[in-house]
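Residue numbers (my numbering), protein chains in the order written: chain A, 1 to 892; chain B, 1 to 309.
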């Protein structure tokens with residue numbers, strides 16, 4: 001048989017009763033049925049197998065509902081049986097890709113258009129390649145999968161590799177199926193899941209492919225969730241969780257009542273994975289149910305869901321010996337002030353490993369600190385409520401603890417009130433030797449104050465050398481003069497700790513440190529010299545002036561340099577002449593320091609010196625002069641900056657541009673504009689552009705528009721930052737385009753750039769970018785804060801509305817918590833008019849408030865029609881009440 | 001002015017200083033070493049010292065210096081020295097040296113008689129690893145039986161200089177038996193000097209593993225030791241290094257990694273194999289993608305047979 005027209009596709013049409021009304025030459029040739037025979041006959045009569053194969057309902061759906069149906073060859077092979085037009089080793093029938101679409105007369109559906117494409121050749125090629133999937137050689141099988149993926153082979157061919165012995169081959173097949181486009185992949189995966197879920201390799205691969213697929217798999221999975229096969233229901237629940245589709249939540253909540261415990265288990269896990277807030281009360285009920293096997297996953301799911309309002313329901317589980325650890329962990333991930341006292345109480349219980357409540361408290365502290373900057377609330381509350389015995393138990397647990405547990409133990413121990421006999425200070429000192437716990441131990445020692453200093457001094461000799469800088473910093477923070485001799489000793493015995501020691505001596509401010517610090521002014525390391533300069537400036541010894549004056553003449557260049565810095569910092573007038581001389585010092589470092597700091601002294605000769613310095617033989621010297629120009633009187637600086645902007649050295653030009661930005665001189669705008677657009681050095685272009693923006697120059701936005709497409713990414717970012725502060729239409733257009741960019745970094749850059757009016761004007765685009773980035777925490781956060789900076793009712797409303805998306809919620813709440821207290825109407829507006837998810841998010845943010853206004857906001861919605869909002873309001877009031885009791889709430 | 005990615009002004013929403021993030025990203029691109037959030041302070045401290053030495057007022061300026069200065073190579077070398085994590089010692093993971101001496105070398109000799117055996121210690125730090133290799137081979141007498149070239153390289157010029165000096169502290173020798181220490185080292189003040197003959201067995205070089213021009217020629221080695229460095233690398237950097245090695249190493253080459261390291265979770269051209277009592281990586285065999293062979297000429301259903309006369 002030959003094709004009528006030589007092509008590979010044909011068309012037939014039917015009426016509403018599926019009676020053939022047209023039959024083109026291709027179809028006639030392919031089927032061997034002439035047009036005259038086919039016309040007027042029902043399709044099912046012409047090809048009786050269409051009905052038992054279940055294809056008629058698909059045709060009827062097109063007629064009845066107007067849908068477009070695709071019969072993929074991977075699943076159906078063909079609609080109309082006919083032989084292949086070319087010989088095929090793998091197929092006895094022509095393989096057909098069939099599209100069924102409604103045939104319309106005006107608005108009325110009068111029949112079906114059936115478009116048939118012969119894909120036998122392609123399928124045959126796929127099969128030949130797929131034969132290699134049976135090769136004993138892994139590399140061959142892997143190559144076959146890769147070739148099939150590259151050829152975009154049908155999903156049913158690729159899934160044959162799901163049971164391959166090699167994980168690499170299976171992974172390649174999963175990746176390829178996951179990228180596959182077309183409804184057929186859903187049918188194929190659902191069929192594999194239904195029929196082969198007992199093969200663990202196939203199951204794992206299928207679940208992975210379902211999670212990754214971009215096609216609409218939810219309906220098929222929901223259908224399988226009703227299967228009588230409990231194992232299948234288990235895996236479907238798992239798949240629904242992996243898919244991340246919130247539309248599955250109601251079905252998964254229904255599965256919490258499944259007859260099979262395994263199904264309930266996986267439904268819990270899936271709800272946690274989906275972060276389904278609406279399921280939190282139901283999941284909490286499972287945790288409270290007393291069903292030991294399900295309470296654990298329920299607690300884990302509650303923590304993953306992140307609904308803080310359930311913590312009161314978890315607290316009673318702290319009394320359950322079996323569930324306590326899981327409850328502590330969940331509270332650590334969810335809780336706030338309201339759980340601190342109960343967790344702190346556990347620190348003193350002999351039957352509770354102290355690392356568990358310490359870990360939870362430390363986690364809450366970290367979340368409060370990183371998200372809202374108020375970690376101190378947790379530290380203070382723990383310190384105030386922990387039983388007396390807690391410190392002793394934590395101190396005993398610290399040394400034998402694992403390296404994973406020790407940081408939290410040290411951190412919490414540091415919060416607790418100091419007692420002479422609890423051994424806490426000694427334990428914290430020993431913990432300094434653990435790199436992972438060092439920062440927490442040092443912080444704890446500093447908090448515990450003078451008594452800790454004694455322990456630290458006693459234990460100093462036994463510490464690892466790596467711990468000495470942290471020990472010095474802690475002593476500095478404590479500020480105990482008794483530490484000075486030991487710190488001075490470290491300057492000799494532990495030179496690597498000199499920077500930290502100098503800082504500590506400066507913080508303590510004891511005069512005994514004066515001479516040793518002066519001796520450091522000539523240290524070979526610049527960081528040490530700078531630390532010594534800083535410390536001496538803090539100590540303010542009465543002899544400093546005289547010594548510095550003398551040191552300006554030291555034969556050691558490093559000493560002269562340090563002395564110049566101090567003399568300029570304090571403005572020693574009697575040193576002025578010498579400082580002016582040092583601007584011509586033969587040593588580069590001395591010259592730079594003198595030039596850069598001389599400007600602190602208000603003297604008419606300074607401008608002349610800087611002008612001379614701009615002719616220095618070294619680029620570094622001229623750069624120092626350019627930096628100094630930022631602090632010169634603008635009228636004096638302007639001509640010198642113009643000279644520096646034309647210097648041959650890029651760093652001179654760079655710092656000149658920075659200084660020009662600081663002075664804001666309009667006369668420099670043309671030079672800056674030229675530099676921004678045309679300087680060969682990227683840092684100079686950026687600095688010049690930013691200087692224009694800082695000066696509010698008219699050239700800023702046009703230059704930024706020109707640079708928004710620059711080849712250098714850093715220049716583009718700087719341009720976006722300038723445009724982000726503008727509300728000019730052209731700037732907004734560029735920003736809007738960047739927000740839609742396929743490149744995630746470009747989108748983030750645009751989000752970070754948005755300020756004020758621009759952020760408000762583009763609130764919709766920002767919200768869209770955030771929605772698209774629900775699995776990208778960095779972009780989500782950037783979007784949330786961009787909306788915050790919009791500071792308008794619209795942008796804050798969008799911000800609160802975004803919180804309905806689990807992937808963005810955390811960032812939204814953190815941003816909402818930063819709405820200025822002077823703008824309460826931005827939040828009250830959401831509480832009045834926003835959706836329930838938005839109102840919940842606002843209340844969660846309000847719970848971190850520090851003013852009585854926060855209390856009023858929360859109190860205003862305790863009668864909200866939404867139960868979830870009422871819970872959130874009550875929870876917020878509970879936290880704010882604790883804050884008020886601790887004296888941390890202002891009356892504003 | 002708000003500090004956006006430009007770095008001057010008030011901070012945006014990103015956690016951590018934006019300039020430090022830029023610097024961190026640049027470091028991982030250039031060196032492969034990733035400073036996660038737990039190590040941000042450490043990075044800032046180390047970079048701060050270098051900034052002070054150059055009189056740079058901000059991290060952003062230091063980033064620009066590294067990225068755009070025409071003479072940035074010197075700045076990078078200084079940074080690599082400062083960031084180097086010199087924690088190594090002699091005879092670390094000895095089963096690999098034993099596998100080399102007992103299995104790999106004999107196989108090479110049998111397969112390639114007369115061809116020099118090239119060994120590259122690719123992150124040699126202060127030299128303990130290539131010298132341990134030399135010890136293992138010397139103790140088996142291999143240097144007398146075939147030509148062997150050992151190259152020890154590191155990205156840090158300061159560490160290579162220490163290796164070239166050949167002087168070590170007690171900590172470096174802690175895993176050596178007294179006999180081995182006595183055979184290969186002599187006390188010199190507070191430290192130990194390695195036997196000069198042994199020391200001369202190793203050629204020293206500076207090479208950044210991510211720089212194809214530097215690492216490529218060295219990667220054409222029969223045996224590569226790349227131990228306890230990939231743990232600091234990003235996944236992308238590991239892939240890049242693996243590609244360089246796969247492109248240059250001979251088909252029967254061996255790659256030894258550290259005990260806590262693995263290439264198995266990434267798609268590379270290497271697969272693990274057992275050699276003696278150790279594990280190492282070998283090149284995967286080249287995949288043979290099935291060509292579309294001509295389909296057998298089958299009769300399509302309904303096609304009339306043509307009778308041959």
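All C-beta atoms, glycine included, are put in the ideal place defined by N, C-alpha and C.
- With contacts defined as CB atoms closer than 8 Å, residue 689 of chain A and residue 676 of chain A qualify as a contacting pair.
- Per DSSP, the beta bridge partners of residue 256 of chain B are B:225.
- With a threshold of 16 other beta carbon atoms within 10 Å, residue 141 of chain B falls short and is exposed.
- Contacts between residue 592 of chain A and chain B, judged by CB atoms closer than 9 Å, involve 55 in chain order.
- For residue 511 of chain A, the three-state secondary structure derived from DSSP is helix.
- The beta carbon of residue 190 of chain A sits closer than 6 Å to those of 220, all from its chain and outside the five residues before and after it, given in chain order.
- Closest by C-alpha distance to residue 325 of chain A, out of A:297, A:223, A:773 and A:338, is A:297.
- Straight across, the Cα-Cα distance linking residue 30 of chain B with residue 66 of chain B is about 10 Å.
- For residue 96 of chain A, the three-state secondary structure derived from DSSP is strand.
- Residue 265 of chain B and residue 60 of chain A have their C-alpha atoms roughly 50 Å apart.
- By the neighbour-count criterion, in which a residue is buried when 16 or more other Cβ atoms sit within 10 angstroms of its Cβ, residue 68 of chain A is exposed.
- Distance from the CA of residue 704 of chain A to the CA of residue 724 of chain A, rounded to the nearest whole angstrom, comes to 10 Å.
- The Cβ of residue 62 of chain B sits no closer than 8 Å to any Cβ of chain A.
- When B:39, B:212, B:213 and B:18 are compared, the shortest CA-CA separation from residue 435 of chain A is found for B:39.
- Cα atoms of residue 41 of chain A and residue 20 of chain A: separation of roughly 6 Å, rounded to the nearest angstrom.
- C-alpha of residue 883 of chain A to C-alpha of residue 365 of chain A: approximately 15 Å in a straight line.
- Of the residues assessed, residue 500 of chain A falls on the buried side of the cut-off, its CB having 16 or more other CB atoms within 10 angstroms.
- The Cβ-Cβ distance between residue 726 of chain A and residue 760 of chain A does not fall below 8 Å.
- No Cβ of chain B is located within less than 8 Å of the beta carbon of residue 177 of chain A.
- Residue 425 of chain A and residue 329 of chain A have their C-alpha atoms spaced approximately 27 Å apart.
- Counting the other Cβ atoms within 10 Å of the Cβ of residue 873 of chain A gives 16 or more, which makes it buried.
- Taking 7 Å as the Cβ-Cβ cut-off, the segment 529-550 of chain A approaches chain B at 530, given in chain order.
- Residue 249 of chain A sits away from residue 268 of chain A, with the two beta carbons spaced by 8 Å or more.
- For residue 284 of chain B, a Cβ of chain A is located within less than 8 Å of the residue's own Cβ.
- Proximity of residue 139 of chain A to chain B, defined by a Cβ-Cβ separation below 8 Å, is satisfied.
- In the assembly as shown, residue 565 of chain A is a buried residue. Its beta-carbon has 16 or more other beta-carbons within 10 Å.
- If you draw a straight line from the Cα of residue 842 of chain A to the Cα of residue 827 of chain A, it is about 7 Å long.
- Proximity of chain B to residue 682 of chain A at the Cβ level (cut-off 7 Å) is accounted for by 68, in chain order.
- Your pair residue 386 of chain A and residue 411 of chain A does not check out as a contact, with CB atoms roughly 13 Å apart and the cut at 8 Å.
- Across the segment 231-252 of chain B, no CB contact with chain A closer than 9 Å is found for any residue.
- Proximity of the segment 152-164 of chain A to the segment 73-85 of chain A meets the contact definition, three or more beta-carbon pairs being nearer than 8 Å.
- Exclusion of the five residues before and after residue 147 of chain B leaves 116 as the residues of its chain whose Cβ lies within less than 6 Å of its Cβ.
- Checking the DSSP bridge columns, you'll see residue 203 of chain B partnered with B:151.
- Between residue 214 of chain A and residue 179 of chain A, the alpha-carbon positions lie close to 7 Å from each other.
- Interface flag for residue 527 of chain A against chain B is set, since a Cβ pair is found closer than 8 Å.
- Inclusion of residue 242 of chain B and residue 99 of chain B in the CB contact set at 8 Å is not warranted, their separation being larger than that value.
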